[in-house]
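Visitor: Residue numbers (UniProt numbering), protein chains in the order written: chain A, 1 to 407; chain B, 1 to 107.
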Ligand SMILES: Cc1cc2nc3c(=O)[nH]c(=O)nc-3n(C[C@H](O)[C@H](O)[C@H](O)COP(=O)(O)OP(=O)(O)OC[C@H]3O[C@@H](n4cnc5c(N)ncnc54)[C@H](O)[C@@H]3O)c2cc1C
Ligand code: FES
C-alpha cells in the first residue's frame, strides 16, 4: 500500500496536488487540511469580478464536495496544523488530533504583510486575501466610500479599478516611484499608471505613510511623511505578502524567504515537500532562488510534487506566467521580467494593445502584454522552446512575437 | 437548471444540470470532467477551456469579444468555426440542451 499523504493547506497548490495524485492513480490515503471553513476556492476573482457582485460564491469553488468524496480525498474543513513532528512523521492539529504521514506536502500559502504602525485593527481598514475579506469589501463598496489604497501592486490596482468602476473616489499611495515596481518593467508601469489616472484614480508615488489617524475605531486619514494628510472612509492595505513558513521553521526545516526546497521541490527533509506561495525554489529559468506568487506556479509545482510522490524524480522547470485584470486592461506576463535591463516595445501603445519584450544581459527573459493574448501565448511558446530571440529580431520592421514563434 | 451535454473525444456523453449564471467551464471542472482545465479560472487568459459548440447553438451565444478572439487563435487543438472558450459561455435558459465537444488537447 502506498504511503499516506497529508497536505497542509487547501489552496490552489494543495487542492491541485490531491487531484493530480488521483489523476496519476495514486492509491494511498490523501488528507487535505483546509484551514478555512469554505470548500477550497480560487483567489484571483476576489480582487476582480467578485467585488462587482457578478460572481457567486459557488462559482469560486475548485471542485464540488462530491468530487472529493468520489476521488477519496479526505478534506478536513476548518482544520489547522499547529506542529510538524518529523521524528514520528505526524502533524498535530488544533483539535488535538495527530495525523500520521508518509509524505507531507506543505502548501500553506502566504498572509498579507501588515503595516509597521497601528491602525490595522480599525473597523474601516481592510486587507484582501480570502473570501471573508472580499465579502466585507464588496459590501462596503456599495456605499461608494472615499478610498485610500496603500500599495500599488497588482491587488491594490485591481481593487482600485473595480472601486472606481463602482463609483468610489480612489487614491493609491505607493512608496516606490512607480506602480507594480516589483514585478514589471518601467514601460508597463508608466502605461498602466496613465490609464488609471485618465480614469480618475489618483496615484501618489514615492509617498510614505507614517500613521493612520483615527477617531472612535475608524480611520479618518492617512498621515504622510511630508506632513500632508489624506482623508479617507475606507483603507485597503495591500503591501505584499509574507510566506507562511513558521510550521516548517519550527520543525527545523531550512527557511529563507519561504520554505527552501530543491529542484524536485523537497525540503531539507526527504519526506516533506513545499509548494506554492510558501516555497522558495531554485529557478532554472532565472538562475537563482525565487518565490513566486501565482496560480501557474502553484498549479505546476503541485503537479511536479504529485509526480515525485508517485515515484518519478521530476525537476520543476515550468515557464512562469501571470495575469492581472484591471478593468479594461488585461495584463499578461510570460517569463520573469522584473530584472530586465533592455526592453523593446512590440506594437503601438496608442492602440491600447501592445507588448514589451524584455531582455537581461541580452538574454530574452519574457514579455509583458497589454490586451494582447496572442503575443502572450506566442511568448510562452518561444520561452518554452528555449528560443534565443534577440533585440534585433523583435526590432525588425514587421516582426511580431507571433511571426517569430512561427519561424 | 440548464441541461448541458459534454462530449469527450472518445464520444462519451455526460449530461449535466448547470445552474444559471455558471460558466460551462466552471461546471465541467468542478465536477471533474477531464476535457477542460480552466487554469485562469475563467478570465479568458489561458485558453485551456476550449470547446467545440454544436453549430445549432452558436447563434444563441454572446458574440466573441477581442480577447476571446485572440485566445482562440492560440488554442492547443485546431480552432474551428465552432470553437469557443467555455469560460465565456454562461448557462442560461436560451442555451438549454446545448452540446459541446472537448478538443483533443488543451495545452
Ligand atoms: C486577491 C488575490 C488575487 C490574486 N490574483 C491573481 C491573479 O490574477 N493571477 C495569478 O496568477 N495569481 C493571483 N493571485 C495569487 C494566487 O492566488 C496565489 O499565488 C495562489 O493562490 C497560491 O496558492 P497556494 O496554494 O500556495 O496558497 P493559497 O491559495 O493561499 O492557499 C493556502 C491555504 O493554506 C491554508 N493554511 C495556511 N496555514 C495552514 C495551516 N497551518 N493548517 C491548515 N491550513 C493552512 C490557508 O488558509 C490557505 O487556504 C491572487 C491572490 C489574491 C489573494
Ligand atoms: S478558463 Fe482560462 S481562458 Fe477560459
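Beta carbons: idealized from backbone N, C-alpha and C, even for Gly.
Determine the burial state of residue 31 (chain A): buried for a count of at least 16 other Cβ atoms within 10 Å of its Cβ, exposed for fewer.
Guide: Per the 10 Å Cβ criterion, buried.
Visitor: Under 7 Å between beta-carbons, which chain B residues line up against residue 374 (chain A)? List them in chain order, please.
Guide: Correct list: 70, 73, 74.
Visitor: Got a sec, what are the start and stop residues for the alpha helix (DSSP H) residue 70 (chain B) sits in?
Guide: From DSSP, the alpha helix (DSSP H) with residue 70 (chain B) extends over 66-72.
Visitor: Residues of chain A with CB closer than 9 Å to the CB of residue 87 (chain B), please, in chain order.
Guide: Correct list: empty, because the minimum Cβ distance to chain A is about 10 Å.
Visitor: For residue 20 (chain B), go through chain A and note every residue whose CB falls closer than 8 Å to its CB, in chain order.
Guide: Near residue 20 (chain B) there are no residues of chain A at all, since even the closest Cβ is about 10 Å away, more than 8 Å.
Visitor: Could you pull out every residue in the same chain whose Cβ sits closer than 6 Å to the Cβ of residue 16 (chain A), ignoring the five residues on either side in sequence?
Guide: Contacts found: 299, 302.
Visitor: Would residue 2 (chain B) pass as a contact of residue 54 (chain B) if the rule is Cβ separation under 8 Å?
Guide: Not closer than 8 Å, so no.
Visitor: Below 9 Å on C-beta distance, what does residue 24 (chain A) contact in chain B?
Guide: Correct list: empty, because the minimum Cβ distance to chain B is about 13 Å.
Visitor: Taking DSSP as the reference, what is the three-state secondary structure of residue 111 (chain B)?
Guide: Residue 111 (chain B) lies beyond the residue range present for chain B, which begins at 1 and ends at 107; the question has no answer from this structure.
Visitor: Contact criterion: CB-CB distance below 8 Å. Does residue 106 (chain B) meet it with respect to chain A?
Guide: It does not: the Cβ of residue 106 (chain B) has no partner Cβ on chain A nearer than 8 Å.
Visitor: Give the DSSP-derived three-state secondary structure of residue 202 (chain A) in the structure shown.
Guide: Looking at residue 202 (chain A) - three-state DSSP - the assignment turns out to be strand.
Visitor: Applying a beta-carbon distance threshold of less than 8 Å, which residues of chain B neighbour residue 138 (chain A)?
Guide: Going along chain B, no residue has its Cβ under 8 Å from residue 138 (chain A), so there is no contact; the nearest lies around 16 Å.
Visitor: Does the beta carbon of residue 8 (chain B) sit closer than 8 Å to a beta carbon anywhere in chain A?
Guide: No, residue 8 (chain B) lies away from the interface with chain A (no Cβ there is under 8 Å from its Cβ).
Visitor: Does the contact criterion of 3 or more C-beta pairs under 8 Å hold for the segment 40-47 of chain A versus the segment 129-141 of chain A?
Guide: Yes, the segment 40-47 of chain A is in contact with the segment 129-141 of chain A.
Visitor: Give a yes or no on whether the minimum CB-CB distance between residue 142 (chain A) and chain B is below 8 Å.
Guide: Chain B contact via Cβ: absent.
Visitor: For a test of your reading of the model: does the CB of residue 57 (chain A) fall under 7 Å from any non-hydrogen atom of ligand 1? Yes or no.
Guide: Checking the Cβ of residue 57 (chain A) against ligand 1 gives no.
Visitor: Could you say which of A:110, A:373, A:93, A:88 lies nearest to residue 101 (chain A) if we only look at CA atoms?
Guide: The residue with the shortest Cα to Cα distance from residue 101 (chain A) is A:88.
Visitor: Write down every uninterrupted run of the beta strand (DSSP E) in the segment 213-297 of chain A whose length is 3 residues or greater and which is fully enclosed by it, in chain order.
Guide: Qualifying beta strand (DSSP E) stretches, in chain order: 218-224, 229-231, 234-237, 241-243, 272-274, 279-283, 288-290.
Visitor: What's the gap between the Cα of residue 222 (chain A) and the Cα of residue 200 (chain A)?
Guide: The straight-line gap from Cα to Cα measures roughly 20 Å.
Visitor: DSSP state of residue 368 (chain A), grouped into three classes?
Guide: Residue state, collapsed to three classes: strand.
Visitor: Using only CA atoms, which one of A:215, A:144, A:326 lies nearest to residue 180 (chain A)?
Guide: Ranking A:215, A:144, A:326 by Cα distance to residue 180 (chain A) puts A:326 first.
Visitor: What span of residues does the beta strand (DSSP E) with residue 150 (chain A) cover, start to end?
Guide: Per DSSP, residue 150 (chain A) belongs to the beta strand (DSSP E) from 146-150.
Visitor: If the criterion is Cβ atoms closer than 8 Å, does the pair residue 24 (chain B) and residue 50 (chain B) meet it?
Guide: Cβ distance not < 8 Å, so residue 24 (chain B) and residue 50 (chain B) don't count as in contact.
Visitor: Taking 6 Å as the limit between beta carbons, can you name the residues of its chain near residue 372 (chain A), skipping five residues before and five after?
Guide: 353, 355, listed in sequence order.
Visitor: Helix, strand or coil: which one does DSSP assign to residue 159 (chain A)?
Guide: Helix, per DSSP.
Visitor: I'd like to check one pair, residue 279 (chain A) with residue 288 (chain A): are the Cβ atoms closer than 8 Å?
Guide: Cβ distance not < 8 Å, so residue 288 (chain A) and residue 279 (chain A) don't count as in contact.
Visitor: For residue 243 (chain A), would you say it is in contact with chain B, using Cβ-to-Cβ distances shorter than 8 Å as the test?
Guide: Chain B contact via Cβ: absent.
Visitor: List the whole-angstrom C-beta distance separating residue 8 (chain B) from residue 67 (chain A), where the pair is believed to meet the contact cut-off of C-beta under 8 Å.
Guide: Not quite, the Cβ-Cβ distance comes to about 17 Å (not below 8 Å), so this is no contact.
Visitor: Which residue marks the beginning of the alpha helix (DSSP H) containing residue 50 (chain A), and which one marks its end?
Guide: Taken as a continuous stretch (DSSP letters only), residue 50 (chain A) belongs to no alpha helix (DSSP H), as it is neither H nor E.
Visitor: Buried or exposed: residue 96 (chain A), going by 16 or more other Cβ atoms within 10 Å of its Cβ?
Guide: Exposed, because fewer than 16 other Cβ atoms sit within 10 Å of the Cβ of residue 96 (chain A).
Visitor: How is the alpha helix (DSSP H) around residue 16 (chain A) delimited, first residue to last?
Guide: Note, residue 16 (chain A): alpha helix (DSSP H), 12-23.
Visitor: Expressed to the nearest angstrom, what Euclidean distance is found between the alpha-carbon atoms of residue 283 (chain A) and residue 253 (chain A)?
Guide: If you take the alpha carbons of residue 283 (chain A) and residue 253 (chain A), they lie about 20 Å apart.
Visitor: Grab me the residues of residue 62 (chain A)'s own chain with a C-beta within less than 7 Å of its C-beta, minus the 5 sequence neighbours each way, in chain order.
Guide: Cβ neighbours of residue 62 (chain A) beyond the five flanking positions: 15, 40, 41, 42.
Visitor: Name the chain A residues that come within less than 8 Å of residue 40 (chain B), Cβ to Cβ?
Guide: Here the neighbours are 44, 295, 323.
Visitor: Using 7 Å as the cut-off, classify the Cβ of residue 339 (chain A) as near or not near the heavy atoms of ligand 4, replying yes or no.
Guide: Within the structure as shown, ligand 4 is missing, the only ligands being ligand 1 and ligand 2.
Visitor: Shorter than 8 Å from the beta carbon of residue 301 (chain A) to some beta carbon of chain B?
Guide: Cβ-Cβ to chain B under 8 Å: no for residue 301 (chain A).
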